[in-house]
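Protein chains: 2
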Amino acid sequence: MNFCSECGHPVRVGIPDDDNRPRHICDNCHTIHYQNPKIVAGTVPVYQDKVLLCKRAIEPRVGYWTLPAGFMENEETTADAAARETWEEAQAQVDIRHLYMLIDTTAISQVYMMFLADMPEPVFGAGPESLEVGLFSEDEIPWDELAFPTIEKTLRQYFSDRRQGHFPLHQCQVTKEDRDRFFTSLHHQAVSNG
Amino acid sequence: MNFCSECGHPVRVGIPDDDNRPRHICDNCHTIHYQNPKIVAGTVPVYQDKVLLCKRAIEPRVGYWTLPAGFMENEETTADAAARETWEEAQAQVDIRHLYMLIDTTAISQVYMMFLADMPEPVFGAGPESLEVGLFSEDEIPWDELAFPTIEKTLRQYFSDRRQGHFPLHQCQVTKEDRDRFFTSLHHQAVSNG
Ligand SMILES: [Zn+2]
Ligand SMILES: [Zn+2]
Chain A
1 MNFCSECGHP VRVGIPDDDN RPRHICDNCH TIHYQNPKIV AGTVPVYQDK
51 VLLCKRAIEP RVGYWTLPAG FMENEETTAD AAARETWEEA QAQVDIRHLY
101 MLIDTTAISQ VYMMFLADMP EPVFGAGPES LEVGLFSEDE IPWDELAFPT
151 IEKTLRQYFS DRRQGHFPLH QCQVTKEDRD RFFTSLHHQA VSNG
Chain B
1 MNFCSECGHP VRVGIPDDDN RPRHICDNCH TIHYQNPKIV AGTVPVYQDK
51 VLLCKRAIEP RVGYWTLPAG FMENEETTAD AAARETWEEA QAQVDIRHLY
101 MLIDTTAISQ VYMMFLADMP EPVFGAGPES LEVGLFSEDE IPWDELAFPT
151 IEKTLRQYFS DRRQGHFPLH QCQVTKEDRD RFFTSLHHQA VSNG
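Going down the list, the protein sequences come from chains A and B. First residue of the first sequence? That's 1 in full-length UniProt numbering, and the numbers climb one at a time after it. First residue of the second sequence? That's 1 in full-length UniProt numbering, and the numbers climb one at a time after it.
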């Protein structure tokens with residue numbers, strides 16, 4: 001942020017009175033511009049013993065596999081956001097069960113909210129942000145070609161919980177170290193494959 | 001938003017290619033400015049049969065009672081945000097148990113995440129955003145002087161669950177109609193009291 005979105009004046013970074021964090025401050029119209037984490041809402045769409053994955057058609061991570069998920073929009077509920085993303089990316093209608101994974105990804109200030117969801121029918125297709133969409137059983141999951149560490153964490157938890165037969169809410173964190181490890185190991189693999 | 005925060009050029013509202021919602025668009029540097037819901041993180045701080053409430057010293061709703069809660073900051077976890085707000089507003093150290101209420105307030109694009117929390121000791125005080133802080137049993141709660149409908153919903157759920165002895169995650173919504181009803185009934189009360 002370089003300019004005030006209200007008045008167009010250049011902003012400076014400073015700690016406002018009665019605050020303890022640096023913010024973008026406009027000295028012309030006196031607006032303080034706060035930046036806050038974003039919610040990424042998505043689903044684990046389940047049909048029988050399989051889950052639905054999408055191969056990404058857009059950056060970041062084109063060509064890698066993900067669960068349907070994306071930024072929550074204003075004026076929708078978290079569950080509606082998760083169902084909407086599932087429709088947009090995988091053209092699948094799902095019945096949302098409940099919030100399943102709450103993952104704080106502090107390094108990029110995103111809060112992942114992944115909902116467990118049932119697919120009444122195995123009907124799906126590639127939306128504009130997907131190259132390909134498919135149902136995968138545990139041993140078919142492309143573990144080495146997943147897009148994000150949050151997705152790997154969610155899928156590993158899901159198949160583990162599936163063996164126990166219950167799916168409580170899990171609250172966890174993906175740290176900067178988790179991200180470095182995830183992307184580095186993929187990179188090494190790409191090099192050794194190339 | 002009137003000006004591009006990147007380059008200072010005036011923005012226009014329009015639907016970008018490959019999108020289906022109006023956004024603020026900069027035709028100079030081609031940035032699309034997205035707006036997303038904000039997370040309000042807080043706690044239900046419990047000591048024995050009582051919960052800790054704060055009388056607000058700041059707008060909105062000065063003088064009304066709330067649970068400690070506030071906007072989540074970048075680079076912190078949801079649970080850390082809830083504990084931080086509890087410290088800042090009520091000067092209480094809490095042990096976070098788990099996410100308890102997930103409340104979509106679509107009319108104002110806020111997602112409330114209220115965590116159940118234990119107070120090891122009945123130690124608290126009024127932070128700079130509070131006029132007064134206190135522990136309240138169910139029949140002492142100032143039901144007619146609560147700050148927000150999300151707070152009333154959380155407290156009613158808590159005392160109801162307390163009678164059952166278990167506290168599952170509740171996912172619910174506060175609609176525009178809920179808000180209108182809440183604030184209107186308070187206003188009528190203020191008038192009839194005045
Ligand atoms: Zn300004
Ligand atoms: Zn611009």
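A virtual CB, placed ideally from N, CA and C, is assigned to each residue, including glycine.
Since residue i is in the beta strand (DSSP E), which residue starts that stretch and which ends it?
{"i": "SER130(A)", "result": "130-136"}
{"i": "THR43(A)", "result": "38-47"}
{"i": "HIS170(A)", "result": "170-173"}
Quick one: measure Cβ to Cβ for residue i and residue j, integer angstroms, because I've assumed they're closer than 8 Å.
{"i": "THR86(A)", "j": "ALA79(A)", "result": "In fact, because the Cβ distance is near 11 Å, the residues do not count as touching under 8 Å."}
{"i": "VAL51(A)", "j": "TYR158(A)", "result": "7 Å"}
{"i": "CYS7(B)", "j": "PHE3(A)", "result": "7 Å"}
{"i": "THR105(B)", "j": "VAL44(B)", "result": "The Cβ separation is near 17 Å, so there is no contact."}
{"i": "MET113(A)", "j": "LEU99(A)", "result": "6 Å"}
{"i": "ILE39(B)", "j": "ASN20(A)", "result": "Actually they are not in contact, since the Cβ atoms of ILE39(B) and ASN20(A) sit about 19 Å apart, beyond 8 Å."}
{"i": "GLY42(A)", "j": "GLY70(A)", "result": "7 Å"}
{"i": "VAL133(B)", "j": "CYS54(B)", "result": "5 Å"}
{"i": "ASP95(A)", "j": "ALA117(A)", "result": "6 Å"}
{"i": "ALA147(B)", "j": "ARG84(B)", "result": "ALA147(B) to ARG84(B), Cβ: 19 Å. No contact."}
{"i": "GLN33(B)", "j": "VAL11(B)", "result": "Sequence check: residue 33(B) is His here, not Gln. Yes, they are in contact, since the Cβ atoms of HIS33(B) and VAL11(B) sit about 7 Å apart, within 8 Å."}
{"i": "PRO149(B)", "j": "PHE182(B)", "result": "4 Å"}
{"i": "PRO128(B)", "j": "ASP18(A)", "result": "7 Å"}
{"i": "LEU135(A)", "j": "ALA57(A)", "result": "Contact flag wrong, Cβ pair sits at about 19 Å."}
{"i": "SER137(B)", "j": "ASP49(B)", "result": "5 Å"}
{"i": "ALA90(B)", "j": "PHE115(B)", "result": "The pair is not a contact, with the Cβ atoms about 14 Å apart (cut-off 8 Å)."}
{"i": "LEU102(B)", "j": "GLN164(B)", "result": "Between GLN164(B) and LEU102(B) the Cβ distance is about 19 Å, and since that is not below 8 Å, they are no contact."}
{"i": "ALA107(A)", "j": "LYS176(A)", "result": "4 Å"}
{"i": "THR77(B)", "j": "ILE151(B)", "result": "With a Cβ gap of about 22 Å, THR77(B) and ILE151(B) do not count as contacting."}
{"i": "ASN74(A)", "j": "SER109(B)", "result": "4 Å"}
{"i": "SER5(B)", "j": "SER5(A)", "result": "5 Å"}
What are the boundary residues of the alpha helix (DSSP H) that residue i is part of?
{"i": "ARG12(A)", "result": "Looking at the DSSP string, ARG12(A) is not in any alpha helix (DSSP H); the run it does join, the beta strand (DSSP E), is 12-14."}
{"i": "PHE163(A)", "result": "One point to set straight first is that residue 163(A) is Arg, not Phe, in the sequence displayed. Element bounds for ARG163(A): 149-164."}
Taking 7 Å as the cut-off, does the CB of residue i come closer than this to any heavy atom belonging to ligand 4?
{"i": "ALA57(B)", "result": "No copy of ligand 4 occurs in the structure displayed; its ligands are ligand 1 and ligand 2 alone."}
- Which residues are close to ligand 1, meaning CB closer than 6 Å to any heavy atom, in chain order? CYS4(A), GLU6(A), CYS7(A), HIS9(A), CYS26(A), ASN28(A), CYS29(A) and THR31(A)
- Item | Residues from the region 11-23 of chain B in contact with chain A, defined by Cβ distance under 7 Å | ASP18 and ARG21
- Going along the region 51-79 of chain B in order, which residues come within less than 8 Å of chain A, judged by CB to CB distance? PHE71, MET72, GLU73, ASN74, GLU75, GLU76, THR77, THR78 and ALA79
- Sequence ranges, beta strand (DSSP E) only - wholly within the region 26-110 of chain A, length at least 3: 38-47, 50-56, 69-71 and 95-105
- Item | Residues of the region 27-41 of chain B with Cβ closer than 8 Å to any Cβ of chain E, in chain order | Chain labels in this structure do not include chain E; the protein chains are A and B.
- Message: Give me the subset of the region 165-186 of chain B whose CB atoms are less than 7 Å from a CB atom of chain A, sorted by chain position.
- Response: LEU169, GLN171 and GLN173
- Mind checking the region 84-101 of chain A against chain B and listing, in chain order, the residues whose C-beta falls within less than 8 Å of any C-beta there? HIS98 and LEU99
- Query: Going along the chain, which residues of the region 102-117 of chain B sit with their C-beta nearer than 7 Å to a C-beta in chain A?
  - Reply: For the region 102-117 of chain B, which is checked against every Cβ of chain A, the residues closer than 7 Å are LEU102, ASP104, THR106, SER109 and VAL111.
- Item | Interface residues of the region 143-156 of chain B facing chain A [CB-CB below 7 Å] | Answer set for the region 143-156 of chain B: empty.
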